[in-house]
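These notes concern the structure reproduced below.
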Amino acid sequence: MEDRLAHRHRTDKTTVLAQPAWMVALVYIVPALLGAGVGWLVKILAEWLAGLPWAPMQGPAELLVSVPEPWLTVGLLSAGTVLGLIVGFIAQYEELSAVVSAERITLTRKGKGQEFARDRIVQAFLDGKQLVLLGDDEGELARETCDLDAQRVAEAFRAHGYAWVDEDPYKDDFRRWVPDVPGLPQGAGALLNARARLLEKKSSTDELQELRQELAGLGVVVRDEKRRQYWRLNRRQG
Numbered sequence: 510m511e512d513r514l515a516h517r518h519r520t521d522k523t524t525v526l527a528q529p530a531w532m533v534a535l536v537y538i539v540p541a542l543l544g545a546g547v548g549w550l551v552k553i554l555a556e557w558l559a560g561l562p563w564a565p566m567q568g569p570a571e572l573l574v575s576v577p578e579p580w581l582t583v584g585l586l587s588a589g590t591v592l593g594l595i596v597g598f599i600a601q602y603e604e605l606s607a608v609v610s611a612e613r614i615t616l617t618r619k620g621k622g623q624e625f626a627r628d629r630i631v632q633a634f635l636d637g638k639q640l641v642l643l644g645d646d647e648g649e650l651a652r653e654t655c656d657l658d659a660q661r662v663a664e665a666f667r668a669h670g671y672a673w674v675d676e677d678p679y680k681d682d683f684r685r686w687v688p689d690v691p692g693l694p695q696g697a698g699a700l701l702n703a704r705a706r707l708l709e710k711k712s713s714t715d716e717l718q719e720l721r722q723e724l725a726g727l728g729v730v731v732r733d734e735k736r737r738q739y740w741r742l743n744r745r746q747g
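Positions in the sequence shown are counted from 1; adding 509 to them yields our numbering.
Written out as structure tokens, the structure reads:
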């Protein structure tokens, strides 16, 4: 009985993968300090411009320095600090976190969670700075940018019994995408064209992910490298 209870305890235990507290603090502190510094520089620049009759933006500079001290300094430093904290919040909001258990993997970014049952995950690995989960059809269940410690991620997956590999087992199957390349399912070319335009514009990763999911539905696996797309077919299509 005791052995069964101990085994159950180990099985039910979860591992939370997230940035350590000191790094989270830095994400907020550093932008806040930089923001305060920018506020101070704005004050100095405004005072300098206000003293030069020929300088551009004379009106805004004079209006700014007309605010009495210490309110001018306090206001600019506070505004810069708040902007820095907002930047830190956005950076933290976009970080990937993962909860690993014997039953499932939960990936969370931007407040949105994706849950993958254990029996759907055949292999997992890091492809550079991206965490990839492979399904039983050789397709990718997830490919998410991951700045978490690589060793800790690998250890967590292995500790819960997932098949962790050191590199993409299908890396040699990828081919660089070019317009009108043969071998793609119907409709995939248009989606890859749309992704190519987004990559050139450095558009939102959310839009790129949506198109990636649509391609996955057609049996096409895609990864990006320096704004270039590489593709392969999963087993169902291949």
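Even for Gly, the Cβ is constructed at its ideal location relative to N, Cα and C.
query: Can you round the beta-carbon distance between residue 592 and residue 640 to whole angstroms, since I take them to be within the 8 Å contact cut?; result: Not really, about 31 Å apart at Cβ, beyond 8 Å.
query: Specify, as a first and last residue, the run of the beta strand (DSSP E) that residue 698 falls within.; result: That residue, residue 698, is in no beta strand (DSSP E); its alpha helix (DSSP H) goes 697-710.
query: Who does residue 621 pair with in a DSSP beta bridge?; result: 618
query: Is it a yes or a no for the stretch 640-655 touching the stretch 697-704, going by three-plus beta-carbon pairs under 8 Å?; result: no
query: Is there contact here, the stretch 715-722 with the stretch 654-663, by at least three beta-carbon pairs under 8 Å?; result: no
query: For the stretch 570-589 against the stretch 622-635, do three or more pairs of beta-carbon atoms, one drawn from each stretch, fall closer than 8 Å, so that the two count as touching?; result: no
query: Alpha carbon to alpha carbon, what distance is there between residue 686 and residue 734?; result: 11 Å
query: Near residue 744, what residues of its chain come up, given a Cβ to Cβ distance below 8 Å and the 5 sequence neighbours on each side ignored?; result: 646, 647, 648
query: In its own chain, which residues sit with a C-beta less than 6 Å from the C-beta of residue 673, not counting the 5 before and 5 after it?; result: 633, 663, 666, 667
query: Report buried or exposed for residue 706, applying the criterion of at least 16 other Cβ atoms within 10 angstroms of its Cβ.; result: exposed
query: With 16 as the cutoff for other CB atoms within 10 Å, does residue 738 come out buried or exposed?; result: buried
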